[in-house]
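Participant: Sending over a structure as C-alpha cells; questions will come in a sec.
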Amino acid sequence: MKVLLLMYQDERAMQKMSREDFGRIYGAFQAYVEALNKAGVLLGNHGLQPTAQAKSVRKDAVLDGPFAETKEQLAGYFLLEVPDMEAALGWAKRVPTAQWGTVEVRPVWT
Amino acid sequence: MQYLLLIYTNEDAMLSAPKEASSQTLAAYAAYTEAIKKSGAWVASHRLRPTSEATTVRNPNGKKNVLNGPFAETKEQLAGFYLIEVPDLDAALSWAARCPGAAHGSIEVRPIWTM
Chain A
1 MKVLLLMYQD ERAMQKMSRE DFGRIYGAFQ AYVEALNKAG VLLGNHGLQP
51 TAQAKSVRKD AVLDGPFAET KEQLAGYFLL EVPDMEAALG WAKRVPTAQW
101 GTVEVRPVWT
Chain B
111 MQYLLLIYTN EDAMLSAPKE ASSQTLAAYA AYTEAIKKSG AWVASHRLRP
161 TSEATTVRNP NGKKNVLNGP FAETKEQLAG FYLIEVPDLD AALSWAARCP
211 GAAHGSIEVR PIWTM
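So the sequence lines, in the order shown, correspond to chains A and B.
Per the numbering used here, the first sequence runs over residues 1 to 110.
Per the numbering used here, the second sequence runs over residues 111 to 225.
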C-alpha cells in the first residue's frame, strides 16, 4: 500500500532555532531518509518552503498565504516543475477542485 | 522550480455526491492530468483516501502518541512529505514515529487511492 506522511510543525519556532539545533535536525532527517532508502520503501519526499511563500486559489481568486478553511480536508496533490509562481498559479486555477474547493500552492525546497 | 499543488475539498459533500457528478469530476481530473503531462510540468500526483482513514503520529521525547483522524493543530504548518510503499498501516505508523518531524511536530499518515 502507498501512504503519504505529511509533516506539520511550528514554522516560527523552527526559524528561530539556533544553528546548532538546526544542524542536529538536519542530520536526523538525513539519517531518516537513509533508513527509508535502505528499507526500499521511499517513493518521494520534499520539504516545503515556509507558508509566507504560499498562495491559495479558489475559483479565480488568488489569496496570499496557506489554506485556512477548516471545513475542507486535504484530498490530493500535484507536484509540478514550472518556471515560476505565475505558471504554478495558472495550473492551480485549472485544477477541477478549484471550482468548489481550495488549491494551496507551495514552493518546494531544492 | 518545483511547486506542490495541495487540493482541499469538502469530503462529506464529495462522498455524498450523486454518481453522475462523481464521474464528471473524475473525467475533469483525467483531462487536467493529461494536460499537465502534455505540457511537461507533471512530476507526481495522488488522490488521498478520506480522512476517516487518517492517523496522526507525534513522538515528543520518544513518547509515541497515535491518534485516529487527520492533523488538527492550527499552530503548526505543513512542512513537507514522504511518499512510501509499505505492506500495511502498522509499517506506515512506525516510519511516521521515526520521522524526525514527529519529535517536534505532527505526522499525518494518509493512505492513497489506487486507481
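Glycine is no exception: its CB is placed at the ideal position from the N, C-alpha and C atoms.
(1) Check W91/A in the structure and name its three-state DSSP category.
(2) Could you list which residues in chain B have their beta carbon closer than 8 Å to that of R94/A, in chain order?
(3) Step through the CB atoms of chain B and report whether any lies within less than 7 Å of the CB of K2/A.
(4) Leaving aside the five residues before and after E69/A along the sequence, list all residues of the same chain whose C-beta is less than 8 Å from its C-beta, in chain order.
(5) Taking only beta-carbon positions, decide if G44/A is within less than 7 Å of chain B.
(6) List, in order along the chain, the chain B residues whose C-beta lies closer than 7 Å to that of G23/A?
(7) Can you tell me whether G76/A is buried or exposed, with buried defined as 16 or more other CB within 10 angstroms of its CB?
(8) So that I know if they touch, is there some Cβ in chain A lying closer than 7 Å to that of E130/B?
(9) Just the Cα atoms here: how many angstroms apart are S126/B and R159/B?
(10) Classify A52/A as buried or exposed, calling it buried when 16 or more other Cβ atoms lie within 10 Å of its own Cβ.
(11) Applying the criterion that 16 or more other CB atoms from any shown protein chain within 10 Å of the CB defines a buried residue, is K59/A buried or exposed?
(12) Hey, could you find the ends of the beta strand (DSSP E) W152/B is sitting in?
(13) Do you know offhand how far S18/A's Cα is from R24/A's?
(14) Which class does P107/A belong to by DSSP, given the choice of helix, strand or coil?
(15) How many angstroms separate the CA atom of A212/B from the CA atom of A35/A?
(16) Based on the DSSP secondary-structure assignment, which residues constitute the bridge partners of S56/A?
(17) Using a Cβ distance threshold of 8 Å, determine whether the segment 1-13 of chain A contacts the segment 200-214 of chain B, with at least three qualifying pairs required.
Facilitator: So, from the data block:
(1) Residue mapping note: residue 91/A aligns to position 91 of the first sequence, counting from 1. Correct three-state label for W91/A: helix.
(2) The residue labelled residue 94/A in the question sits at position 94 within the first sequence. Those are Y142 and A145, listed as they occur along chain B.
(3) Within the first sequence, the letter at position 2 stands for residue 2/A. Yes, K2/A lies at the interface with chain B (some Cβ there is under 7 Å from its Cβ).
(4) As a working note, residue 69/A is residue 69 in the first sequence. Result list for E69/A: T102, in chain order.
(5) The count along the first sequence starts at 1 and reaches residue 44/A at position 44. Yes - at least one Cβ of chain B is within 7 Å of the one on G44/A.
(6) Locating residue 23/A in the first sequence gives position 23, where the first residue counts as 1. Within chain B, no residue comes near G23/A; the closest Cβ sits about 12 Å away, beyond 7 Å.
(7) As a position in the first sequence, residue 76/A is number 76, starting the count at 1. By the neighbour-count rule (16 or more Cβ atoms within 10 Å), G76/A is buried.
(8) What you label residue 130/B is simply residue 20 of the second sequence in a count that begins at 1. Chain A contact via Cβ: absent.
(9) Within the second sequence, the letter at position 16 stands for residue 126/B. Within the second sequence, the letter at position 49 stands for residue 159/B. Going by the C-alpha atoms only, they are around 15 Å apart.
(10) Taking the first sequence and counting its residues from 1, the one referred to as residue 52/A is at position 52. Answer is exposed; the Cβ neighbour count stays below 16.
(11) Residue 59/A sits at position 59 when you count from the first residue of the first sequence. By the 10 Å Cβ count, K59/A comes out exposed.
(12) For the purposes of this step, residue 152/B is taken as the residue at position 42 of the second sequence. Segment W152 to R157, the beta strand (DSSP E) holding W152/B.
(13) The sequence position of residue 18/A within the first sequence is 18, counting from 1. The sequence position of residue 24/A within the first sequence is 24, counting from 1. Rounded to the nearest angstrom, the two C-alpha atoms are 10 Å apart.
(14) On the first sequence, position 107 is the one that residue 107/A refers to. Strand.
(15) For the purposes of this step, residue 212/B is taken as residue 102 along the second sequence, with counting starting at 1. For the purposes of this step, residue 35/A is taken as residue 35 along the first sequence, with counting starting at 1. Rounded to the nearest angstrom, the two C-alpha atoms are 16 Å apart.
(16) On the first sequence, residue 56/A is found 56 positions in, with the first residue counted as 1. Partner(s): L63/A and E104/A.
(17) yes
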